[in-house]
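Peer 1: Chains as they are written, first to last, in the working numbering: chain A, 1 to 242; chain B, 1001 to 1164; chain C, 2001 to 2549; chain D, 3001 to 3180. One structure coming up, written as structure tokens, with questions to follow.
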Amino acid sequence: MIQTPTPNVRVVTFKIDDRDFSAREDETIIQVAWENGIRVPSLCYLEGLSVWGACRLCVVEIVGSPRLVSSCSTRVAEGMEIRTDSERLQAYRRMILELLFSERNHVCSVCVSNGHCELQNLAQQCGMDHVRVPYRNKVYQVDSSHDLFRVDHNRCVLCSRCIRVCDEIEGAHTWDSKGRGIDTQVITDLNRPWGESDSCTGCGKCVQVCPTGALVQQGTSVGEMHKDRKFLPYLSRMRDAQ
Amino acid sequence: MPLQRIKPTPPSDDKRWKLIDVTMRRNGYAGHALIETLHSVQDAFGYLDDPAMKFVASALNLPLSKVYGVATFYHLFTLKPKGKHTCVVCTGTACYIKGAGELIDGVSEKYDVPLGETTADRNLSLIGARCVGACGLAPAVVLDGVMLGKLKVDDLLEHIEKVI
Amino acid sequence: MHIDELNELAEQIRTQHQSCQHCVRVCMAASCQSSGADDVLKRLEDAAPEGDQVQVKSVGCMGLCSAGPLVEVRSRGDDQPIMYQHVESQDAEEIMGSLGDSVVQRLECPTSIPFFQRQQKIVLENSGIIDPEDIEDYIAADGYSALVEALTESSPAEVLNEVNLSGLRGRGGGGYPTGLKWSTVAKMPATQKYVICNADEGDPGAFMDRAVLESDPHRILEGMALAAYAVGANRGYIYVRAEYPLAIDRLKKSIRQATRKGLLGANVCDTPFSFDIEVRLGAGAFVCGEETALMQSVEGERGQPRPRPPYPAELGLWGFPTLINNVETYANIAPIVRNGGEWFASIGTERSKGTKVFALAGRIHNTGLIEVPMGVPLREIVEEIGGGVPDGRRFKAVQTGGPSGGCLPAEQMDLPVDYDSLREVGSIMGSGGMIVMDETSSMVDVARYFMEFCMTESCGKCVPCRVGTYQMHELLTKIAAGKGTSADLALLEELCEVVQMTSLCGLGQTAPNPVVSTLQYFRHEYEEKLIRDEFVDMEQQTEEMEAVS
Amino acid sequence: MSESKKITVATTWLDGCSGCHMSLLDIDERLIELAQQVDIVYSPLVDGKHLPETVDVGIIEGSVSNEEDLAKAREFRRHCKYLISLGDCAVTGNVPAMRNLFPLDSVYDRAYQENVQHNPLRPNDGVPALLDVVKPVHAVVPVDLHVPGCPPSADTIWFVLSQLLEGRVPNPNEVTRFGA
């Protein structure tokens, strides 16, 4: 809803990290930043899907405002001065990543997504090289019941990209989340094994948009899981055009 | 052309499904009536099982995963049948300050039932509640729908013995 | 209906009431009810003489919950009613026998005590006096006169203006100016708008909204209708906790009564204004008190908040502009419109106008519900109105604002209670829960209790709240168990900042507040529990040496 | 640190596969350059089996899984001025920590009973007792530098060491990451 283009939108000028920019007023901070090579980190944001605003890695400072805003959900405005990379933000992002790594069992060295994982890359990009909070060490299931795909809840960061792509692009709404708080988990249908799902079309979009090794193709070994998202901007535009 | 909406048949010929249908009909079988509908299923049957959720999903035209997601998000909904008797201990701040924790420990220990669970013989469920709004009676307990106030562990255990 | 007709009806009902000599009111609010008010009411009814000389009436909350069941006797011609406390069913005959004659002294509850004398009632003006299930009682107490008069004689802008003038701020906790919120919704050009009443009172230890809903439900309907008229909405929802069955029941009954009288529904008072209200139930999720989560829940979804902006005023329920206020806010509207915004603005302080209802609980003599003008010192509430800490114990702290608030120590007792003063000292007004603690409460345990609450109530959407509250709870548990080190405490403080600054919604942003405020005022209690760790201490020594050199 | 004396380095492996040490050896001919500047005073790779009172740099590979690991990590922290966690096991717990998902008893059973055909028996002496939870090194003692990687490449290790030798604090994130 945030990105619905409306006619007669104005063009506004603003600053990101002391550089001057202009953009349509219905663009979000993260869109402008990414278009211009400013790497604001994010896990849940994905162009072509609705805005979720949950990972909080993309929070930025607006000069003159005491509050931080998530750049994926905030539109640019005339005269806005945005800071994306202060020391404070860097520290916050490292802590958020530490929390994510502590939450489930992310063992990069034995993960099929090793080397192609957004979480792993973000840790490096943000300089998060060790986790100070204790690991939760909670047991999570691996569901290999689907012929083509596998879900490993140990690697899930609850970004909800799978839920959104299945609902908004594929239209099946096979995925959703169950529970709440720290017990939240993604599910298929009535929390039944994925392979038994009647609603799943087996399209694999969820696998391709998953940032980590939580959703992967069957038969991949360590480091083999590459993800391909070229379909998303295309399908998203086609859906909007309808 | 949109597909004709099919009215699903209830999971059983239990008359209580009529009550649930009334709730859905009052809301025009709209998806936004999901929570209301789940309330009425739980009021009628005591809990939400898979057949019930499947029925509600198809009657309201909602994805299964969404129904499950909503049913498990809200703590008042339960997917497991409750015990014959329920002991709801208020864990609001006033009750906490006045010793709700000891009440929970006491019941938990005597009946070997952790908070939020039901005894193995399905006779007693021990449930924690977020403030029942009777802070003047702290610590308060609702035992089988009856409010008991200003309790000590022994009082509560005595009350429970009387009902079960 | 025109205002004259309403006034006439009100006069008629009042005359009817006056025909009886003695009115015996029995408090049937949750607390009294659970101490046996049901039986008391029944026995009083049985004992009452035939005819209309004595009227026995079930009413809403009288406030002094710790003295319940409460019964009040008001005889014609007497200035002061007589209040009886701890009434049991076998006292009924004695009370009936004493009417117009004497006072049952062993049961008398002195109404001259500060608990009753220091209060000023606007929100609770009818509470404990009228029968909440009878619309005529409400009308006799000037109910619906503000609505009818506004609809027939004022423009929406004039209603809005009174609310603006009143200086009323949101009573749900945030303290956002109500008039400003209304103006934003009013300005939106949409054809469809909604008005929502947030009755998802979730703070543990708070029962103000419950009392208002159970004691005076029509007041909320009238407030919502006035709001709808002012902002141009035609549909309203009351989102109420399923844990409040009596409130739900009374709200539904009231909506039916008001619709039958033509005060809700299509073309209210034969004007073009139409307004329907529907009750929606929560299902046990504290986060649904957050307005975007609440709207999700009304739409039948998981109650997960979304980032703001856009605000509900712009993009609310089903994408339409939506006004959300809490119960107590709406409860103030009818009196404001009836008496004028300036009258309301004359009560309270410079920046916090009117009165505030508080639920006093914990280690305090008079547990119950009070309403005082904004700006009353904390000491007056705790020591005078509340009667202080019982059992000869020492006052330690008062917690305000629930899981989003803070604990204030004895040094802060002279603080005037208003939005801004509380915020300055690290707490918040919140919805009005006030829990008093004595020296038997450990502040680390209290902080841990609130963190556990936030952890289990976190919706799980954003990372800082979902995992941060879990990790803070772990650290607090470790420290409370006497196993934490100074490094743990430092990490806890860092987490507090990250969760406050980066969480998606108010729940996460305020979840660390109880920790931060107890650290601010009771840091020694944390430090006393820490253990020495050879290595952590070694590191600190090195850092200190480096700092020196 | 005086100019005349070489920098002293101690290394140890706790619970891990010793791959990080192999990666250290993989720096090949740069070992000679290293040997000119540092003195490896204690390591599984050298003869010295006594940790000197004071060591300039300590390098720990592996996670803290049993009582001996814990004692060794503490000993290193007491004696080393600058302590490095080398590799994912030391930094995150990594593969050894995957047993944290199982109760300790079932870990013992799997290792000493279920998979043993001849005389299955749980050892009761001569083997250090397992800790309940496998932890990264920094969870038991403060660590000055974390070098992730499984294993960190020879180039990474050389980068870290050469930077340190030049008196700079290296930023391993420039060259390595978890699982690298």
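Note that the Cβ used here is the ideal one computed from N, Cα and C, for glycine as well.
Only counting the same chain, and skipping five residues up and downstream in sequence, which positions put a Cβ closer than 7 Å to that of glycine 2232/C?
Peer 2: Pro2156, Ala2186 and Lys2193
Peer 1: Report the neighbours of serine 102/A on chain D: residues whose CB is nearer than 7 Å to its CB, in chain order.
Peer 2: Those do not exist, as serine 102/A stays about 10 Å from chain D at its closest Cβ, beyond 7 Å.
Peer 1: Only counting the same chain, and skipping five residues up and downstream in sequence, which positions put a Cβ closer than 7 Å to that of proline 3128/D?
Peer 2: Asn3066, Glu3067 and Glu3068
Peer 1: What residue range is occupied by the uninterrupted alpha helix (DSSP H) comprising lysine 2252/C?
Peer 2: 2245 to 2260
Peer 1: Hey, how far is the Cα of arginine 83/A from the Cα of glycine 37/A?
Peer 2: Computed Cα separation, rounded: 14 Å.
Peer 1: Have a look at asparagine 2102/C and aspartate 2091/C and give me their C-alpha separation to the nearest angstrom.
Peer 2: Sequence inspection shows serine at residue 2102/C; the asparagine mentioned does not correspond to that position. Using only the alpha carbons, I get a separation of about 14 Å.
Peer 1: In its own chain, which residues sit with a C-beta less than 7 Å from the C-beta of cysteine 1131/B, not counting the 5 before and 5 after it?
Peer 2: Cys1090 and Gly1092
Peer 1: At a Cβ threshold of 9 Å, is cysteine 1087/B touching chain E?
Peer 2: In summary, chain E is missing from the structure at hand, where the protein chains are A, B, C and D.
Peer 1: Look up serine 2066/C in the DSSP assignment and say whether it is helix, strand or coil.
Peer 2: Note: serine 2066/C maps to helix in three-state DSSP.
Peer 1: So if I threshold CB-CB distances at 9 Å, which residues from the region 2523 to 2538 of chain C count as touching chain D?
Peer 2: Glu2534, Phe2535, Val2536 and Met2538
Peer 1: Does any residue of chain A bring its CB to less than 9 Å from the CB of serine 3002/D?
Peer 2: For serine 3002/D, the predicted structure reports a pLDDT of 44, less than 50, and the residue's modelled location is therefore unreliable. A value from the coordinates is still provided. No, because no Cβ of chain A sits closer than 9 Å to the Cβ of serine 3002/D.
Peer 1: Use the C-beta contact count for glutamate 2469/C: other C-beta atoms within 10 angstroms, 16 or more gives buried, fewer gives exposed.
Peer 2: Per the sequence shown, the amino acid found at residue 2469/C is threonine instead of glutamate. With 16 or more Cβ atoms within 10 Å of its Cβ, threonine 2469/C is classed as buried.
Peer 1: How big is the Cα-Cα spacing for aspartate 1144/B and asparagine 3094/D?
Peer 2: C-alpha separation (whole angstroms): 50 Å.
Peer 1: At a CB-CB cut-off below 8 Å, which residues of chain A make contact with tyrosine 2084/C?
Peer 2: Among the residues of chain A, none has a CB under 8 Å from the CB of tyrosine 2084/C; the nearest is roughly 46 Å distant.
Peer 1: Any chance the region 1123 to 1139 of chain B sits against the region 1071 to 1090 of chain B, with 3 or more Cβ pairs inside 8 Å?
Peer 2: yes
Peer 1: Are the region 2336 to 2355 of chain C and the region 2078 to 2085 of chain C in contact at 8 Å, needing three or more beta carbon pairs?
Peer 2: no
Peer 1: My understanding is that leucine 75/A touches aspartate 26/A, with C-beta atoms under 8 Å, so please give their C-beta distance in whole angstroms.
Peer 2: According to the sequence provided, residue 75/A is arginine. The question's leucine does not apply to it. Sure, about 6 Å apart at Cβ, within 8 Å.
Peer 1: For the region 123 to 140 of chain A, enumerate the residues whose C-beta is nearer than 9 Å to any C-beta of chain D, in chain order.
Peer 2: Ala123, Gln124, Gln125, Cys126, Gly127, Met128, Asp129, His130, Val131, Arg132, Pro134, Tyr135, Asn137, Lys138, Val139 and Tyr140
Peer 1: Does any C-beta atom of chain A lie closer than 9 Å to the C-beta of threonine 3156/D?
Peer 2: no
Peer 1: Determine the closest residue to alanine 3180/D out of Gln3163/D, Asp3144/D and Thr3156/D, with distance taken between C-alpha atoms.
Peer 2: Thr3156/D
Peer 1: For a quick check, are the C-beta atoms of serine 102/A and tyrosine 135/A less than 9 Å apart?
Peer 2: yes
Peer 1: Indicate, with yes or no, if the ligand MN has a heavy atom lying under 8 Å from the CB of valine 1056/B.
Peer 2: You won't find the ligand MN in this model; it holds no ligand whatsoever.
Peer 1: For a test of the three-state rule: what should DSSP assign to aspartate 20/A, helix, strand or coil?
Peer 2: strand
Peer 1: Anyone know if the C-beta pair for alanine 3139/D and histidine 3079/D falls short of 9 Å?
Peer 2: no
Peer 1: Strictly under 9 Å for the Cβ-Cβ distance: is threonine 1009/B near chain A by that measure?
Peer 2: no
Peer 1: Run through DSSP, which three-state label would asparagine 1027/B get?
Peer 2: Here asparagine 1027/B sits in coil by DSSP.
Peer 1: Does DSSP classify glycine 2362/C as helix, strand or coil?
Peer 2: strand
Peer 1: Select from Ile3084/D, Leu3045/D, Arg3074/D and Val3107/D the residue whose C-alpha is nearest the C-alpha of histidine 3021/D.
Peer 2: Nearest option by C-alpha distance: Leu3045/D.
Peer 1: Between arginine 3074/D and chain C, is there a C-beta pair that is closer than 9 Å?
Peer 2: yes
Peer 1: Using a Cβ-Cβ cutoff of less than 8 Å, which residues in the same chain neighbour glutamate 3003/D once the five nearest sequence positions on both sides are dropped?
Peer 2: For glutamate 3003/D, the pLDDT reaches just 49, beneath the cut-off of 50, and the residue's location in the model is therefore unreliable, leaving the point undetermined.
Peer 1: Give the residues of chain A in contact with cysteine 3150/D, contact being defined as C-beta atoms less than 8 Å apart.
Peer 2: Taking the beta carbon of cysteine 3150/D as reference, the chain A residues within 8 Å of it are Cys108 and Ser109, listed in sequence order.
Peer 1: Please determine, among Thr28/A, Gln242/A, Gln90/A and Cys55/A, the residue with the shortest C-alpha to C-alpha distance to leucine 250/A.
Peer 2: The structure shown has nothing for residue 250/A, since chain A only spans 1 to 242.
Peer 1: Please state the DSSP three-state secondary structure of glutamine 2012/C.
Peer 2: In the three-state reduction of the DSSP assignment, glutamine 2012/C falls in the helix class.
Peer 1: Could you tell me whether the region 2453 to 2468 of chain C touches the region 2304 to 2313 of chain C, using the rule of 3 or more Cβ pairs below 8 Å?
Peer 2: Because the criterion of three Cβ pairs below 8 Å is met, the region 2453 to 2468 of chain C and the region 2304 to 2313 of chain C touch.
Peer 1: Along chain A, which residues have their Cβ under 7 Å away from the Cβ of threonine 1072/B?
Peer 2: Lys178 and Gly179
Peer 1: Whole angstroms is fine: what's the gap from methionine 1/A's alpha carbon to glycine 53/A's?
Peer 2: Any reading at methionine 1/A needs caution, since the residue's pLDDT is 47, under 50, leaving its predicted position unreliable; the model's value is listed next. Answer to the nearest angstrom: the Cα atoms are 13 Å apart.
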